[in-house]
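Residue numbers (the working numbering), protein chains in the order written: chain A, 1 to 220; chain B, 1 to 220.
Protein chains: 2
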Amino acid sequence: MLSRQLEDYVKGIFVLQGESETGLVATSALAKRLSVSAASVTSMLKKLKQMKLVQYTPYKGARLTQGGEKIALEILRHHRLLELYLAEVVGMPWDQVHNEAEILEHALSEELEAILFEKLGRPKADPHGDPIPADDGTLEAPASTALAEVEAGTTRMIIRVRNDDPEVLRYLGGLGLIPGVKLEILEKLPFNGPVKIRVGDDEHSLGRELSQEIFVSTPA
Amino acid sequence: MLSRQLEDYVKGIFVLQGESETGLVATSALAKRLSVSAASVTSMLKKLKQMKLVQYTPYKGARLTQGGEKIALEILRHHRLLELYLAEVVGMPWDQVHNEAEILEHALSEELEAILFEKLGRPKADPHGDPIPADDGTLEAPASTALAEVEAGTTRMIIRVRNDDPEVLRYLGGLGLIPGVKLEILEKLPFNGPVKIRVGDDEHSLGRELSQEIFVSTPA
DNA sequence: TTGAAAGTTTAGGTTAGCCTAAATTCTGCC
DNA sequence: GGCAGAATTTAGGCTAACCTAAACTTTCAA
């Protein structure tokens, strides 16, 4: 069993690795994510390397080993199952579940995890559309495209909203932009201008940045 | 917010205080409960005293202050609400909920606590019959008598089972001895012998020790 | 190509929580 | 009342996780 903070480092590396071009995570990026000094990250990376959970080359960055990735996926599974449970069963608003799960994930036993998984009907994704890793440590994400990449004139379904900020989520939820919802891309204004969409009978404009965090289905 | 371990110290003092004659908790008793050396307890007691959460006189023992008691009751409320939720809603066996709640209690936010409390219908007791402190930090336990003290020939209802050991709980649960159940005290054998009882159509013998941990209603 | 800025690591230090061993205080029995 | 043994505290040390400041690499723009 890893300590709470080691778990946070491993999870952080996994997530940042997914966002990075090279698959390498910079010390500073991790430091920022964990609200910790860069020096602390360096020494923790050395420890994680000792434990064979990361490959780490000084000044170059870090990347999870297979073992590290397995652990990251277990933690992510806890996190996402909890998010889904809190939203679906407990009835907590979708913008709040992330922060709650962030703490509970470290306290969830394997037994309780298994019960929740079954109660939820062996789900594949959490309320934000993030895929839930299987208990054998495999992760399969449905194909999707950032809304920003989709051409105007098509209709797609929202698969995933990749943002944890409660304010952003409340805003999007208010517009009805949550996974499972269908929307039509009306127009993409030039010079990185907003994307115009229709959801049900409502039309909305969405800044480019946001439209890069909303992922929609690929055409059938 | 207290650290996880400080919370455990405060809760431990509260519980042991309840079991003690004098209302004072000995260093060694706390050390045993927390699986920690006596020396560690001494230094933590000094810290808790600094924080005005305990009254502590070296060599004499410790007792919670009002402030300390308030915190203990908050933690106990978390613990017992979680036990009840896990048993009632999640469907976890009653002998397992204690250990699960032991960890989760430190990770439960006030928001989630409030939601669970409402979902459970503002409950007054957990699956073991332990009373759930109110959110204003008051605790009212229904009147009850240890089974060992009840005279033969009467019928009573089980109010509370004061034991955390999963093996014991599984055994008692197997006999149907859980809070809410009615039983008849048939006979108390001499020399601290067993207590004979009837539960429904079944008759059982219970050792004296166990019969001191089962609390039943006082006569109406 | 080089040097300043940005990024990273090293050095040295802090705090929380734990430990063992030694010193102290308390308790109960003769 | 005194003393042995039990209980407790003190002394000294350890590890995990953090920090700041200084030293070192890397990067990239002139």
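Ideal Cβ positions, reconstructed from N, Cα and C, are used throughout, including at glycine.
First and last residue of the beta strand (DSSP E) that includes residue i?
{"i": "M157/B", "result": "T155 to V161"}
{"i": "T245/B", "result": "Outside the displayed span of chain B (1 to 220) sits residue 245/B, for which this structure offers no information."}
{"i": "E203/A", "result": "D202 to L206"}
Pull the bridge partners of residue i from the DSSP assignment, please.
{"i": "Y56/B", "result": "A62/B"}
{"i": "E213/A", "result": "E213/A is not bridged to any residue."}
{"i": "I185/B", "result": "I197/B"}
{"i": "P131/B", "result": "A125/B"}
Would you please verify whether the beta carbon of residue i is less than 8 angstroms from any beta carbon of chain A?
{"i": "I115/B", "result": "yes"}
{"i": "A87/B", "result": "no"}
{"i": "A51/B", "result": "Inspection of the sequence shows that residue 51/B is occupied by Met rather than by Ala. Judged by the 8 angstroms Cβ criterion, M51/B is not in contact with chain A."}
{"i": "L6/B", "result": "no"}
{"i": "L120/B", "result": "no"}
{"i": "E81/B", "result": "In the sequence on display, residue 81/B carries Leu and not Glu. Answer no: the Cβ-Cβ gap between L81/B and chain A never drops below 8 angstroms."}
{"i": "L2/B", "result": "no"}
{"i": "L104/B", "result": "yes"}
{"i": "L177/B", "result": "no"}
{"i": "L169/B", "result": "no"}
{"i": "L139/B", "result": "no"}
{"i": "L112/B", "result": "yes"}
Along the chain, where does the alpha helix (DSSP H) containing residue i start, and where does it finish?
{"i": "E111/B", "result": "E110 to K119"}
{"i": "V89/B", "result": "Segment: none, V89/B is in no alpha helix (DSSP H) and carries neither H nor E."}
{"i": "E140/A", "result": "Segment: none, E140/A is in no alpha helix (DSSP H) and carries neither H nor E."}
{"i": "G266/B", "result": "This structure cannot speak to residue 266/B, because chain B is shown only from 1 to 220."}
{"i": "A31/B", "result": "T27 to L34"}
{"i": "N99/B", "result": "V97 to L104"}
{"i": "S43/A", "result": "A38 to Q50"}
{"i": "G18/B", "result": "R4 to E19"}
Hey, is residue i's beta-carbon within less than 8 angstroms of any beta-carbon in chain B?
{"i": "E100/A", "result": "yes"}
{"i": "A31/A", "result": "no"}
{"i": "M92/A", "result": "yes"}
{"i": "I75/A", "result": "no"}
{"i": "V109/A", "result": "The sequence given here has Ser at residue 109/A, not Val. Closer than 8 angstroms to some Cβ of chain B, the Cβ of S109/A qualifies, so yes."}
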